[in-house]
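As structure tokens, the structure follows; a few thoughts come after it.
This is how it looks when you write it as structure tokens:
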């Protein structure tokens with residue numbers, strides 16, 4: 299839980315700086331927060347960093363949640379070794395945050411479970427332990443579709 303509090307403080311400091319620097323201009327923030335949006339995604343403590351970002355006075359919202367109604371099922375999926383045991387971890391820790399005058403028209407879907415190799419990420423098909431996030435953004439308007 300201590301690390302989540304640190305991540306929340308880091309998010310707050312970053313967003314304070316962005317708000318001061320942006321001076322009311324539209325903002326897109328793509329970030330690996332190493333923090334899940336909800337309890338139970340690879341951890342058992344209250345998520346503070348995500349709610350800090352969403353609740354910040356900058357007025358951020360998630361581009362993925364605009365289209366999907368929630369964050370993607372995962373943005374990282376790996377097998378970790380801990381105390382001689384292998385543990386599979388599938389969670390969302392990466393985000394595209396946008397301010398209110400930006401609309402999300404579409405987002406790139408996460409790979410289907412069957413497309414991810416049994417040894418998970420990274421792999422030859424997906425060379426990072428995080429999947430690519432992509433959103434089609436524009437000024438004004440409403441969300442429309444999920445890209446495949």
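Numbering (our numbering), first residue to last: 299 to 446.
By construction, the Cβ of each residue, glycine as well, lies at the ideal position given by its N, Cα and C atoms.
Note that the coordinates shown come from a computational prediction; the quantities given were computed from them, not determined experimentally.
Annotation: the continuous beta strand (DSSP E) that includes residue 406 extends over 400-406. In this structure, residue 302 lies away from residue 369, with their beta-carbon atoms at least 7 Å apart. Per DSSP, residue 393 is one residue of the beta strand (DSSP E) stretching across 392-396. CA-CA distance, residue 331 to residue 351, rounds to 10 Å.
Excluding residues up to 5 positions away in sequence, 356 lie with their Cβ nearer than 6 Å to the Cβ of residue 317 in the same chain.
At a Cβ-Cβ threshold of 7 Å, residue 335 and residue 399 do not count as neighbours.
Annotation for residue 378: the continuous beta strand (DSSP E) segment containing it runs 374-380.
Around the beta carbon of residue 395, 16 or more other beta carbons sit within 10 angstroms, so the residue counts as buried. Here the alpha carbons of residue 405 and residue 420 stand approximately 22 Å from one another.
The beta-bridge partner set that DSSP reports for residue 383 consists of 380. Counting the other CB atoms within 10 Å of its CB gives residue 315 a total below 16, which places it among the exposed residues. In this structure, DSSP gives residue 410 a state outside helix and strand, which the three-state scheme calls coil.
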